[in-house]
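Numbering (my numbering), first residue to last: 641 to 926.
Working notes for the structure below.
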């Protein structure tokens, strides 16, 4: 008698149903935070057909963002005020029905091959020690892929298990942190990021990032000296343009590296105003 037949007889004698021992496939909730993203949101949501649920946390859109989003069947829209990048994402995570989360920005696209990687990974069914999965992010500036300048691969953890990982408290460049005892895996396919469509938009964002960076310095109570106001921007440009080979990205690379330097200058300039005068000019995201 074969082993299979012996097992089947044993199963029948014990009235066991083998299907009860087979776990259900992991389901996935995508989260997106928005404000006035009518130009991007349809493209983003169209790439999320493979997920089981999409939660959008919108902080006061006055354009057609919500109207467009509600046309997608899997979307649940939560409208709230702006609490910050991390807090608004936490609202989405708390509302998620499933444990596995995919964090996507409105100007990002999940290509078919990346969705396929997730489906294949789920089929393996071995997530017991995994807190998250990171991906490389392929960023486009004026439709130009910025391959150098410190932008690529820029790996970020975007798939994560909400009980095994959490968002850090960074005001700027928030990220996902794995809890102790769990690992972060890697996918091969790039996440696509269509970031800036104009130079004005880029420098406007760098200005806001600079202000958020100043608040981050203040929050972490870092020691900062006045010479850093001009030394840090110089070092930033040198690092990204020469060491990170920004010059290979041509004119776009030059603009990107100057923008990074400018953002660093704004960060330290704002910090000294915050420290001396408790000066507040703009919020983290307008």
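Ideal Cβ positions, reconstructed from N, Cα and C, are used throughout, including at glycine.
Outcome for residue i when other beta-carbon atoms lying within 10 angstroms are tallied against a minimum of 16
| i | result |
| --- | --- |
| residue 701 | buried |
| residue 764 | exposed |
| residue 808 | exposed |
| residue 995 | Outside the displayed range of the chain (641 to 926) lies residue 995, so it cannot be described from this structure. |
| residue 907 | buried |
| residue 839 | exposed |
| residue 884 | buried |
| residue 783 | exposed |
| residue 816 | buried |
| residue 898 | buried |
| residue 724 | buried |
| residue 891 | exposed |
| residue 871 | exposed |
| residue 915 | exposed |
| residue 711 | exposed |
| residue 862 | exposed |
| residue 828 | exposed |
Between the CA atoms of residue j and residue i - distance to the nearest angstrom
| i | j | result |
| --- | --- | --- |
| residue 911 | residue 851 | 8 Å |
| residue 699 | residue 853 | 21 Å |
| residue 674 | residue 864 | 34 Å |
| residue 857 | residue 684 | 33 Å |
| residue 811 | residue 745 | 16 Å |
| residue 893 | residue 680 | 24 Å |
| residue 802 | residue 860 | 25 Å |
| residue 741 | residue 771 | 10 Å |
| residue 733 | residue 671 | 7 Å |
| residue 755 | residue 831 | 10 Å |
| residue 844 | residue 869 | 19 Å |
| residue 720 | residue 728 | 8 Å |
| residue 847 | residue 748 | 21 Å |
| residue 798 | residue 709 | 21 Å |
| residue 676 | residue 697 | 12 Å |
| residue 888 | residue 904 | 22 Å |
| residue 834 | residue 762 | 27 Å |
| residue 895 | residue 758 | 35 Å |
| residue 877 | residue 842 | 16 Å |
| residue 661 | residue 678 | For residue 661, the pLDDT reaches just 45, beneath the cut-off of 50, and the residue's location in the model is therefore unreliable, although a value from the coordinates is still provided. Approximately 45 Å, taken between the alpha carbons. |
| residue 814 | residue 774 | 14 Å |
| residue 620 | residue 718 | Absent from the structure is residue 620, since the part of the chain shown begins at 641 and ends at 926. |
| residue 795 | residue 780 | 15 Å |
| residue 909 | residue 776 | 32 Å |
| residue 722 | residue 879 | 34 Å |
| residue 882 | residue 693 | 43 Å |
| residue 688 | residue 750 | 7 Å |
| residue 686 | residue 714 | 11 Å |
| residue 731 | residue 716 | 13 Å |
Terminal residues of the alpha helix (DSSP H) in which residue i lies
| i | result |
| --- | --- |
| residue 756 | 752 to 764 |
| residue 856 | 839 to 860 |
| residue 872 | 868 to 878 |
| residue 812 | Where residue 812 is concerned, there is no enclosing alpha helix (DSSP H), given that its DSSP letter is neither H nor E. |
| residue 706 | 705 to 709 |
| residue 713 | Run containing residue 713: none; DSSP gives neither H nor E here. |
| residue 686 | 681 to 686 |
N- and C-terminal bounds of the beta strand (DSSP E) containing residue i
| i | result |
| --- | --- |
| residue 730 | Unbroken run through residue 730 is the alpha helix (DSSP H), 725 to 735; no beta strand (DSSP E). |
| residue 669 | 668 to 674 |
| residue 831 | 831 to 836 |
| residue 799 | 796 to 801 |
| residue 826 | 823 to 826 |
| residue 770 | 770 to 775 |
| residue 806 | 805 to 807 |
| residue 741 | 740 to 743 |
| residue 693 | 693 to 698 |
Using 8 Å as the Cβ pair cut-off and three pairs as the minimum, do the segment 762 to 777 and the segment 699 to 714 touch? In the pairwise beta carbon analysis, the segment 762 to 777 is classified as not touching the segment 699 to 714: fewer than three pairs are separated by under 8 Å.
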